[in-house]
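Engineer: For the record, the sequence lines run as chains A and B. Per my numbering, the first sequence starts with residue 1198, numbered consecutively. Per my numbering, the second sequence starts with residue 97, numbered consecutively.
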Amino acid sequence: MCCLLIVIIIINEGINKGFIVAAEMINSLFLISHTGDIFLEKHWKSVISRSVCDYFFEAKEKAGDLENVPPILQTPHHYLISVYRGKLFFLSVVQTEVPPLFVVEFLHRVADTFQDYFGECSETVIKDNVVIVYELLEEMLDNGFPLATESNVLMEMIRPPTILRSVVNTLTGGSNVGEKLPTGQLSIIPWRRAGVKYTNNEAYFDVIEEIDAIVDKSGTTVFAEIQGVVEACVKLSGMPDLTLSFMNPRLLDDVSFHPCVRFKRWEADRVLSFIPPDGNFRLMSYHVSSQNLVAIPVYVKQNISFLETGSCGRLEITIGPKQTMGKTVEALMVTIHMPKSVLSVNLTATQGSYTYDLTTKALIWTIGKLNPQKLPNLRGSLSMQSGVPKPEENPSINLDLKIQQLAISGLKVSRLDMYGEKYKPFKGVKYLTKAGKFQVRT
Amino acid sequence: MQEWANQLCENRQFGSKMTDSKYFTTTKKGEIFELKAELNSDKKEKKKEAVKKVIASMTVGKDVSALFPDVVNCMQTDNLELKKLVYLYLMNYAKSQPDMAIMAVNTFVKDCEDPNPLIRALAVRTMGCIRVDKITEYLCEPLRKCLKDEDPYVRKTAAVCVAKLHDINAQLVEDQGFLDTLKDLISDSNPMVVANAVAALSEIAESHPNSNLMDLNPQTINKLLTALNECTEWGQIFILDCLANYTPRDDRESQSICERVTPRLSHANSAVVLSAVKVLMKFMEMLPKDLDYYGTLLKKLAPPLVTLLSAEPELQYVALRNINLIVQRRPEILKHEMKVFFVKYNDPIYVKLEKLDIMIRLASQANIAQVLAELKEYATEVDVDFVRKAVRAIGRCAIKVEQSAERCVSTLLDLIQTKVNYVVQEAIVVIKDIFRKYPNKYESVIATLCENLDSLDEPEARAAMIWIVGEYAERIDNADELLESFLEGFHDESTQVQLQLLTAIVKLFLKKPTETQELVQQVLSLATQDSDNPDLRDRGYIYWRLLSTDPVAAKEVVLAEKPLISEETDLIEPTLLEELICHIGTLASVYHKPPSAFVEGSRGVQHKRLPGSAGSGESVESPDTSSAAGISDAPPAVIPSQGDLLGDLLNLDVTPPATTGPPPAANSGVQMGAMDLLGGGLDSLLGGDLGGSSAMGAGFGAAPAAMPASFSAPVSGGLDDLFDLGGGVGMPMGAFSPPKTVWLPAMKGKGLEISGTFARRAGVFQMELTLMNKAMSVMTDFAIQFNRNSFGIAPAGPLQVLTPLSPNQTIEVTLPLNTVGPVMKMDPLNNLQVAVKNNIDVFYFSCQYPISMLFVEDGKMERQVFLATWKDIPNDNESQFQIKDCHLSSDAASNKLQGSNIFTIAKRTVDGQDMLYQSMKLTNGIWVLAELRLQAGNPNYTVSLKCRAPEVSQCVFQSYEAVLKN
């Protein structure tokens, strides 16, 4: 018998790895439009040639959809970490082992800052404000270490452009750079500047919840959860110390807070105690997970079928209220991504109107308010490319909707108290429920 | 000029249209020329506009470095905005214009004294960005002042500047004492300064791993934890990453740190959350499992991880890659959270694929129904890659959760009925694996599979189908026809299919010899004569020889029962997993590769290990480590997941040969090793010998005779060696201990003479000392202390000299040592500085310990791990040494080395040369891998050492030499 038992140790062939030398975090940033133009570059260390982006373009080409470009790419000498925001890619180049989340978070923060400064985050506004953008980037990062990333603080150092200020600056030779060190920068409350003054003192809170859900063909909920945020708009003079309490804080088992929230108080008393930043900010985000009962506000009755022979298919969708807690469902909209072979649709909607985009194959049915007495219905035929086999995939239905004055989890603010200042502020709380990634399978 | 002026006027009129895009307009005369003129204008406003235009050009990557002197001229200004703009420009171009940059120095120095802290900070910040050697020395004084500035904003900026400067000129920074100032800043009153100091120090420490900069002790840890609560989110990340490098003294400290870190899990910044998870995952290892707090902590970890999945897709991706590690290490954390990993229609594909991976990891009997329903749903999606992976996932579920196998198979059959080409092919590939896992259970589906034979156009699917036909030839009536049809296009098939076809036809022949003789001859000749592929030829010859010499043996070998496959094939190897857990949140964790694969060479990365549980004394035993450790004694084998070409050969190779001597117990262990080590290298050994045997005739008769003799020799030789090794690890000898030498002569010790040596006895590392009193008076009050040293060696107890030492008296003392003391790199590495005190004085001397004293008893690496590690360590880290005049046989050498905890893992003999593959582990967890080559009759041995910390190689070699020659 010939039995083979051979021991061989394979000696390393030497895996080809990038040789990394310098030590810094984010080295460079490139802003790239969705068409692939690099329209801004910023280097915090030595200049890295923009040819490094070629690896990114290659990946972009491969990915097809812009959303599918992998966020982390390895090249022989660098790592490219990117985020996709507002049809723009924020592409950072790093040379060493850095926490990628750190970079991704920072890039999103840059995009947020642009949003706060210019009202939107697009190629046009960035090009229009390139000098401010450059100053901002410089202020936000030093040697790879983030310096100031709070819009509140940045706005004291670099004033946002307003039409009025531009005119005044041009006429008087004034500047858009703050001459003084931001007051909040180094205090224990870096998010708030000192000496804030308002004639109308007001504090508004928006509790916004998004329902993420997957509902299967038969209407059973496969998965559902609520992503909630409490957005605040606080314009209060001085150094107010606020306490926000909820009727039912036990709902919140998974929360993330703005740095201003005192975590100890939350742990002990389940109240949000904080000295707020000035202006708009996100006080808290939370997550009501699938284990808890998540109400599904509407049901969808659907039937989409493609005939085995012949070149057509049928579609019928009806939407009705399910658990709306007695509120009206508004801004109802249905989006269906049809298989490629669907050439056109011929449908009748009992309410609202529909469009079918031939290039993206997206059928969008805008419904509006949901009337429980007269359920909206869309039905008709789909015409298919002939000679092509029946589509393999089932299109998936995405829902958009809004419910005013309701937080679907049942979360309610009970009161807001203010300490530390004498005046009496205006207070207000609004609730809104929206569909997040709300998907119905067919 | 005119145009620009006009435009400016226009802008004044139409204020609303004023945007920076105007800076991009170019004029006809040449932009640079225009700008130069404007920069030198007398009007402040015009200058500023010009600098803005320069910056605008810079942002789109235009080269405006020619304007350097003109821009620098604008620097002397009291207009902060203009100054900032000039600084922006300087940072970009100083490197390419070093001579010009000197011009800026005076202004920097002056600005560092400015009454406005903003300007001081701006200056110190910009200074550091100018990576020009010539400038650096001018900057030291201003930097020193700024580090002690009264304004914390300036101090924190200066702290970062030290890191920048260190990157340019490390020596200068050390000489100037900036590192000490930086360390002092860790105790600064302002949390932001602390955070930046920590960040700067970590960055510097990373490039100098042995600099001992971050001397983490309970006091500094406490400071860091305090700063953690107060500093910015980014600072928190630096501090948490720094904390993760600390090893707590005991479980109580570990728990208290965990308690103070846990609130960070509720931070809005996902990077903070993940860094906190890293600290907790690491420190949890030290907590006893029966502790209530341990359970609480486990529960607290799940929600933040789930929350990360509702963030932006890029964040989700990183989170998912890390969760993949976490569920492998501690599956209990997320076992109830399966649903959050369900794929949404509009998730980006990179998120979808990761979620799928985790779903399979979390699949269990409890949730399998749900998982399967989901997977089936995914199999009808649009994206081909995703669909394929979903189909594969169904197969993996079948293998992982036995109870679900039946349901999985029927799901797969449903999918095959869809006739979607790539779905069918994937399904067939996974069904093959299911057959392997549950033999003789689902063969009824073969008929359905055979219907789809024609539609298979991918090699992997074709190979899988051929395997099935070969394996179940006796149940498929027309197996010969089916295989024959494949044979027609033999040369157009990929190697994978060819190999599979060869094996399948041989199997068929052994099962139905009468009808298929012609077929098998055909395939053997196709494989051996008409193919250029050595793998194929080799396998062809092996079968040929087997069939022609002893068909019965052939049957036993080829149709041997195959080891079952297990679902754990894609688990990350445990030591790597441990290391990756220590690197949660880093690029390493995203790529699932050790950090050494990223940062190489210049910065010797220390391998991080999870700390052991100290409190309860039980060893850390998670399900996956135990399963991996148990490989050698648990027969169901793990087949290497990569579809290596030899997979099939391997299976048959491992059948225990009934006639061979060694007892089965020893046997199985060896086989597993053999199989692991084989991994694709068979041809390298056989190829050379076989390639030349072109005399191989056609037909059965000729083949065996022509088979070169050398073919069987090394094979069986290797086998015997292996068996020797399995049973023949002789009595371990005592560890090598060098003879005592005089460390402190009486002359220098005021009459006290100390000689000593080091020893490792029964696993205890000790120092053996002889103290001799050569003075005239009695000596008392002995005490001993070590300086910081490379491996943290420290006395484990006081020096036991109980009675006074009278004149001319000699006393032998044994001092047990441990390696938990403070660490500092010494030169040479194994140098130890010792201070001995008695009633007369304190005496200092230094001695060197053989590094083999630090080799621990559990330094025997698993073979598979050894192989992977050896491959993984870059070749640059390999060093080779010669040991001359050594006359030991390989077994004797192996035994001797084992006495000193150098373990032989495998041995092979090639051309009379013995190669011993050995491993050892140092007390600080560093592994050293070695290959010892020795040839009978040649007194010179060659040792090749591979280690991630190549510094130790020299010392290890010295130990080898000492041990072998002792």
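Glycine included, C-beta positions come from ideal geometry on N, C-alpha and C.
Looking only at its chain, what residues have a beta carbon closer than 7 Å to the beta carbon of N463(B), apart from the 5 residues adjacent to it on each side?
Structural biologist: M434, listed in sequence order.
Engineer: Please classify G739(B) as buried or exposed, where buried requires at least 16 other C-beta atoms within 10 Å of its C-beta.
Structural biologist: Any reading at G739(B) needs caution, since the residue's pLDDT is 36, under 50, leaving its predicted position unreliable; the model's value is listed next. Answer is exposed; the Cβ neighbour count stays below 16.
Engineer: Beta-carbon separation of F939(B) and G847(B) under 8 Å?
Structural biologist: No, Cβ-Cβ distance for F939(B) and G847(B) is not below 8 Å.
Engineer: Can you check DSSP and say which residues form a bridge with V1458(A)?
Structural biologist: Answer by DSSP bridge pairing, in chain order: F1471(A).
Engineer: Return the bridge partner residues of N87(B) from the DSSP annotation.
Structural biologist: For residue 87(B) there is no data in the structure shown, the boundaries of chain B being 97 and 1062.
Engineer: Taking P409(B) as part of the alpha helix (DSSP H), name the residues at either end of that continuous run.
Structural biologist: 409-425 is the span of the alpha helix (DSSP H), which, as asked, contains P409(B).
Engineer: Determine the extent of the beta strand (DSSP E) in which V1419(A) is found, giving its start and end residues.
Structural biologist: 1418-1432 is the span of the beta strand (DSSP E), which, as asked, contains V1419(A).
Engineer: DSSP has N914(B) in a bridge; who is on the other side?
Structural biologist: DSSP output for N914(B) lists A890(B) as bridge partner(s).
Engineer: From E577(B) to I445(B), what does the alpha carbon distance come to, in whole angstroms?
Structural biologist: Answer to the nearest angstrom: the Cα atoms are 42 Å apart.
Engineer: For R484(B), which residues from the same chain have a beta carbon less than 7 Å from its beta carbon, with the 5 sequence-adjacent residues on both sides left out?
Structural biologist: Y518, E522.
Engineer: S886(B) and L925(B) look like a contact to me (Cβ under 8 Å); what is the Cβ gap, rounded to whole Å?
Structural biologist: Confirmed, about 5 Å.
Engineer: Taking the alpha carbon of T1556(A) as the reference point, which residue from N1574(A), H1534(A), T1547(A), W1562(A) has its own alpha carbon closest?
Structural biologist: Measuring from the Cα of T1556(A), the nearest candidate turns out to be H1534(A).
Engineer: Near E554(B), which residues of its chain fall below 7 Å by C-beta distance, leaving aside the five closest residues on each side in sequence?
Structural biologist: Answer for E554(B): Q521, listed in chain order.
Engineer: Is V593(B) closer than 8 Å to R558(B) when the C-beta atoms are compared?
Structural biologist: Yes. Within cutoff.
Engineer: Can you tell me where the beta strand (DSSP E) with M1634(A) in it begins and where it stops?
Structural biologist: Per the sequence presented here, residue 1634(A) reads as Lys, with Met not at that position. Its beta strand (DSSP E) spans residues 1623-1638.
Engineer: Whose C-alpha, out of V1266(A), I1501(A), N1543(A), is nearest the C-alpha of P1536(A)?
Structural biologist: Here the closest residue by C-alpha is I1501(A).
Engineer: Using the C-alpha atoms, what's the distance from M561(B) back to D550(B)?
Structural biologist: Distance between the alpha carbons of D550(B) and M561(B): 11 Å.
Engineer: Using three-state DSSP, classify D1450(A) as helix, strand or coil.
Structural biologist: Reduced to three states, the DSSP call for D1450(A) is coil.
Engineer: Mind checking which residues open and close the alpha helix (DSSP H) that includes P670(B)?
Structural biologist: Taken as a continuous stretch (DSSP letters only), the alpha helix (DSSP H) holding P670(B) covers 670-678.
Engineer: Compare the C-beta of G1381(A) with all C-beta atoms of chain B and state if any pair is closer than 8 Å.
Structural biologist: At G1381(A), the pLDDT of 47 sits below 50, so the modelled position is not reliable and the matter cannot be decided from this model.
Engineer: Among the candidates M1530(A), I1405(A), I1245(A), R1282(A), whose CA atom is the shortest distance from the CA of H1274(A)?
Structural biologist: If we check each option's Cα against that of H1274(A), I1245(A) comes out closest.
Engineer: Specify the secondary structure class of G331(B) as computed by DSSP and reduced to three states.
Structural biologist: Note: G331(B) maps to helix in three-state DSSP.
Engineer: Under 8 Å, Cβ to Cβ, is there at least one residue of chain A near E134(B)?
Structural biologist: It does not: the Cβ of E134(B) has no partner Cβ on chain A nearer than 8 Å.
Engineer: Note down, in chain order, every chain A residue with its Cβ under 7 Å from the Cβ of L321(B).
Structural biologist: Under the 7 Å cutoff, chain A gives no residues; its nearest Cβ is about 14 Å from L321(B).
Engineer: Short check: CB of V1495(A) to CB of I1516(A), under 8 Å?
Structural biologist: Yes.
Engineer: Is F164(B) near the ligand ADP, going by C-beta to nearest heavy atom under 7 Å?
Structural biologist: Among the components of this structure there are no ligands whatsoever, and the ligand ADP is therefore not found.
Engineer: Given that V686(B) touches chain A, what residues does it touch there, using C-beta distances under 7 Å?
Structural biologist: The contacting residues are I1269, P1297.
Engineer: Specify whether the region 861-870 of chain B and the region 907-920 of chain B touch according to this definition: at least 3 beta carbon pairs, one from each stretch, less than 8 Å apart.
Structural biologist: Enough Cβ pairs lie closer than 8 Å, so yes.
Engineer: Report yes if the CB atom of L336(B) is closer than 8 Å to the CB atom of I317(B), and no otherwise.
Structural biologist: Their beta carbons are not under 8 Å apart, which means L336(B) does not touch I317(B) by this criterion.
Engineer: If you measure beta-carbon to beta-carbon, which residues of the region 474-495 of chain B are closer than 9 Å to chain A?
Structural biologist: Per Cβ criterion, the list reads T476, E477, V478, D479, V483.
Engineer: Within 8 Å (strictly less), CB to CB, does F438(B) reach chain A?
Structural biologist: Yes, F438(B) lies at the interface with chain A (some Cβ there is under 8 Å from its Cβ).
Engineer: Please report the residue range of the beta strand (DSSP E) in which E1527(A) lies.
Structural biologist: From DSSP, the beta strand (DSSP E) with E1527(A) extends over 1526-1534.
Engineer: Could you pull the start and end residues of the alpha helix (DSSP H) that I527(B) belongs to?
Structural biologist: Looking at the DSSP string, the run of the alpha helix (DSSP H) that includes I527(B) is 517-533.
Engineer: Do we get a CB-CB distance below 8 Å when we pair R503(B) with the residues of chain A?
Structural biologist: So, not an interface residue.
Engineer: Name the residue from L214(B), G273(B), N927(B) whose alpha carbon lies nearest to the alpha carbon of K252(B).
Structural biologist: Taking only the C-alpha atoms, the option nearest K252(B) is L214(B).
Engineer: Within 8 Å (strictly less), CB to CB, does V414(B) reach chain A?
Structural biologist: So yes, V414(B) belongs to the interface.
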